[in-house]
Amino acid sequence: MRQNQYKIDSNYFTSLALVAGLVTSILFSQTAHSDSNVLPIATNLQELGQKALKENLPIAILFDSKGLKSTEKLKDEAILPALFSGQLDGYVYMTEIHVNDDQTTVDFYGDATPNLEFKSLYNLTSLPVVIFVNGEGEVITDQLLSGAYDYYHYYLKQSINNALKALNNPKQIPE
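The sequence shown begins at 406 in my numbering and counts up by one.
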């Protein structure tokens with residue numbers, strides 16, 4: 406009888422370990438999935454531009470390089486927390502383009518454009534950087550460079566408010 410009890414106990418602990426591993430993997434997969442929902446990779450700027458024009462909202466495009474530590478730090482410490490907070494909802498469309506990706510993105514004119522080409526189109530000299538454009542892809546306020554992560558949320562809101570002003574949109578994100 407005692408031998409049977411040990412067998413049940415070891416099966417119980419094995420099952421418990423499997424359940425814990427499954428729960429952990431689900432949590433991590435949902436976190437990764439929700440990051441891409443809150444800061445989607447750009448695929449079609451023309452469609453996004455049409456939505457932005459319809460709602461008179463700016464588009465903030467994060468240009469970065471995959472694997473760049475400063476990109477990950479900027480996203481993790483500043484951009485994603487700002488987006489997850491919900492404070493920016495209804496004030497801006499935000500998207501991301503990896504310029505070192507061999508992918509193409511449909512530009513504001515409907516043409517498939519290599520991601521690297523956006524660097525010269527927008528005269529980007531430093532990465533990561535956020536630019537603010539109208540629904541036609543025209544830059545409407547100053548670029549927002551990475552750095553000063555403790556204050557980046559403030560500068561991001563300030564830049565979005567400036568972009569809204571440039572569009573003659575009376576909305577402003579409360580300070």
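We treat Cβ as the ideally placed atom computed from N, Cα and C, and that holds for glycine.
Because the structure is a prediction, the values reported are computed rather than measured.
Query: Would DSSP call residue 498 helix, strand or coil?; Result: strand
Query: Just curious, the alpha helix (DSSP H) that residue 532 is in, first and last residue?; Result: No alpha helix (DSSP H) holds residue 532; DSSP gives it neither H nor E.
Query: Can you tell me the Cβ-Cβ gap for residue 487 and residue 479, rounded? I've got them flagged as a contact below 8 Å.; Result: Their Cβ separation, rounded to whole angstroms, is 11 Å, which puts residue 487 and residue 479 out of contact at 8 Å.
Query: With DSSP run on the structure shown, which of helix, strand or coil describes residue 571?; Result: helix
Query: In this structure, does DSSP put residue 546 in helix, strand or coil?; Result: coil
Query: If distances are taken between C-alpha atoms only, which option among 531, 520 and 573 comes closest to residue 449?; Result: 520
Query: Give the single residue among 466, 573, 561 and 577 whose Cα lies nearest to the Cα of residue 512.; Result: 466
Query: When the distance is taken between beta carbons, is residue 557 closer than 9 Å to residue 482?; Result: yes
Query: Considering only the alpha carbon of each residue, which of 468, 461 and 445 lies closest to residue 526?; Result: 468
Query: Could you give the first and the last residue of the continuous beta strand (DSSP E) run that contains residue 517?; Result: 517-519
Query: Excluding the five sequence neighbours on either side, which residues of its own chain have a C-beta within less than 6 Å of the C-beta of residue 551, listed in chain order?; Result: 475, 479 and 533
Query: Since residue 496 contacts residue 446 with CB under 8 Å, what's their CB separation in whole angstroms?; Result: That belief does not hold up - the Cβ atoms of residue 496 and residue 446 are roughly 21 Å apart, past 8 Å.
Query: How do the stretch 530-546 and the stretch 569-580 stand: do at least 3 beta-carbon pairs fall below 8 Å, yes or no?; Result: yes
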